[in-house]
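One structure is given here, and the rest of the page talks about it.
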Amino acid sequence: MITRGFTGRRTPEDVAARVPPGQALTTDFPVLSAGPTPRIKLEDWSFTLKVGPRPVFKWTWEEFNALPQTSYVRDIHCVTTWSKLDTAWEGVTIDDLLKAAGVEAAKPFVLAHGFDGYSTNLPAADLAGDKAMIALKYDGEPLAPDHGGPARLLVPHLYFWKSAKWVSGLQFTDVDTAGFWELRGYHMVGDPWREQRYHDDP
Numbered sequence: 001m002i003t004r005g006f007t008g009r010r011t012p013e014d015v016a017a018r019v020p021p022g023q024a025l026t027t028d029f030p031v032l033s034a035g036p037t038p039r040i041k042l043e044d045w046s047f048t049l050k051v052g053p054r055p056v057f058k059w060t061w062e063e064f065n066a067l068p069q070t071s072y073v074r075d076i077h078c079v080t081t082w083s084k085l086d087t088a089w090e091g092v093t094i095d096d097l098l099k100a101a102g103v104e105a106a107k108p109f110v111l112a113h114g115f116d117g118y119s120t121n122l123p124a125a126d127l128a129g130d131k132a133m134i135a136l137k138y139d140g141e142p143l144a145p146d147h148g149g150p151a152r153l154l155v156p157h158l159y160f161w162k163s164a165k166w167v168s169g170l171q172f173t174d175v176d177t178a179g180f181w182e183l184r185g186y187h188m189v190g191d192p193w194r195e196q197r198y199h200d201d202p
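Letter 67 of the sequence shown, counting from 1, is numbered 67 in UniProt numbering, and no numbers are missing.
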């Protein structure tokens, strides 16, 4: 197990510097979803990696859990203006996922797909270099269904709608294709430090 991130004594100045503009701290973990929470049996769960329309690798739950596991401690930021600091996650980094599949991120964009039909787009660069994972645990416990369990995408440096719940696969694409919220006016990138909430934000 690899642990990345650090928690220690924080001053008010340190905390303020970690909160993007327009955000407010919460100690709760609000539950926000585009639709009802799906209940996915582990024996029915699978994760598919695609390059364009072509599936190149697929894992069962048991196979996915046998991949190298990493721990993150990260701050997260929701477009609805809450931020939560030092959240603890465990899962498989996208770097390790691609390595296990023998695939390089040769295409510039990604669509993350969920079991509920949800999708969201990301630049491939925002998933590489230890920036993102498929999270299986939160705060030391299996990820609860309301928070995207059994597995969700975690991209903590972007607004949290980019961290697709109930993730079923990643699809690498040549074209930056809008996902569920992006089609409804949300930003194509979603950087909280630039307040990229809606499509006309810079």
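Where a beta carbon is used, it is the ideal one built from N, C-alpha and C, also for glycine. In this text the structure is predicted, and so the values were computed from the model without any measurement.
Rounded to whole angstroms, what is the Cα-Cα separation between threonine 27 and glutamate 195?
22 Å
Buried or exposed by the 16-neighbour rule on C-beta atoms within 10 Å, applied to tyrosine 186
buried
Per-residue burial, residue 205 [other beta carbons within 10 Å of its own, 16 or more giving buried]
Because the chain spans 1 through 202 in this model, residue 205 falls outside it and cannot be assessed.
Taking the C-alpha atoms as reference points, what is the distance between arginine 4 and threonine 70?
For arginine 4, the predicted structure reports a pLDDT of 49, less than 50, and the residue's modelled location is therefore unreliable. A value from the coordinates is still provided. Rounded to the nearest angstrom, the two C-alpha atoms are 8 Å apart.
State yes or no: is the C-beta of alanine 135 within less than 8 Å of the C-beta of leucine 143?
yes
So is proline 202 buried or exposed if we call it buried at 16+ other beta carbons inside 10 Å?
exposed
Please determine, among Leu122, Glu182, Gly117, the residue with the shortest C-alpha to C-alpha distance to threonine 173.
Leu122
Taking 6 Å as the limit between beta carbons, can you name the residues of its chain near alanine 100, skipping five residues before and five after?
Leu67
Three or more beta-carbon pairs under 8 Å between the segment 17-32 and the segment 59-66, yes or no?
no
Among His77, Trp161, Leu111, whose alpha-carbon lies nearest the alpha-carbon of proline 20?
His77
Using a Cβ-Cβ cut-off of 6 Å (strictly less than) and excluding sequence neighbours within five positions of alanine 88, which residues of its own chain qualify?
Val73, Asp139
Does DSSP put arginine 74 in a helix, in a strand, or in coil?
strand
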